[in-house]
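*Asks:* Right, I'll just put the structure down here and ask away after.
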Amino acid sequence: MKEEKIKVLALLPMELPKEIELDNTLEAMQNFVGGLIECITLSDTDSEVTLVCNDEGKLLGLPLNRPLWDGADVLAGPGFLAGCDNEGNLTSLPQSAMDFYKEKCMKLTGLARNTYYKYKRQIRAELIAEQDLPKGASIFYEPPKSF
């Protein structure tokens, strides 16, 4: 039987993970991730766990969230972790999985920040090279120093 509301672990960019309750509807999930959803099965625990994220997060340039699969990929934009039953329906995330991923995500939050700044530096270097700007030139808005 499909649950009306599910307990999930919310993963928001540059924030610590937090337990929330979400309506178990496609519309609520799309609102949370800001677009089309993609469901990815994770296998780090004995429970069936699904990462729900924006299918086009990277293409849309959503903020980087946190590394996935030990840094092999990165989540862009908001996402959440939910349980999954044997019929493929999303369910509340079991408490054991909630605790496991909370701890794992908290460790990765610092790494996600480092990934974000590394990515920003890489883009800056590429834009400066394309525009043939002098070293140290700024391509990002910088407020006046008098403020």
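Per the UniProt record's numbering, numbering through the sequence shown is continuous, rising by one, with the last residue being 147. Note that the Cβ used here is the ideal one computed from N, Cα and C, for glycine as well.
Where do the N-terminal and C-terminal ends of the beta strand (DSSP E) with residue 65 fall, by residue?
*Replies:* Residue mapping note: residue 65 aligns to position 65 of the sequence shown, counting from 1. Looking at the DSSP string, the run of the beta strand (DSSP E) that includes residue 65 is 64–68.
*Asks:* Applying the criterion that 16 or more other CB atoms from any shown protein chain within 10 Å of the CB defines a buried residue, is residue 41 buried or exposed?
*Replies:* Residue mapping note: residue 41 aligns to position 41 of the sequence shown, counting from 1. It counts as exposed.
*Asks:* So the candidates are 89, 95, 58; which of them puts its Cα closest to the Cα of residue 79?
*Replies:* Sequence index remark: in the sequence shown, residue 79 carries index 79 (1-based). Among 89, 95, 58, the Cα nearest to that of residue 79 is on 58.
*Asks:* Which residues in the same chain as residue 102 place their Cβ atom closer than 7 Å to its Cβ, once the five residues preceding and following it in sequence are excluded?
*Replies:* Here the question's residue 102 lines up with position 102 in the sequence shown. Cβ neighbours of residue 102 beyond the five flanking positions: 9, 17.
*Asks:* In three-state DSSP terms, what is residue 58?
*Replies:* Here residue 58 refers to the residue found at position 58 when the sequence shown is read from its first residue. Three-state result, residue 58: coil.
*Asks:* Could you compute how far the alpha carbon of residue 14 sits from the alpha carbon of residue 96?
*Replies:* Here the question's residue 14 lines up with position 14 in the sequence shown. Here the question's residue 96 lines up with position 96 in the sequence shown. Rounded to whole angstroms, residue 14 to residue 96 spans 24 Å at the Cα level.
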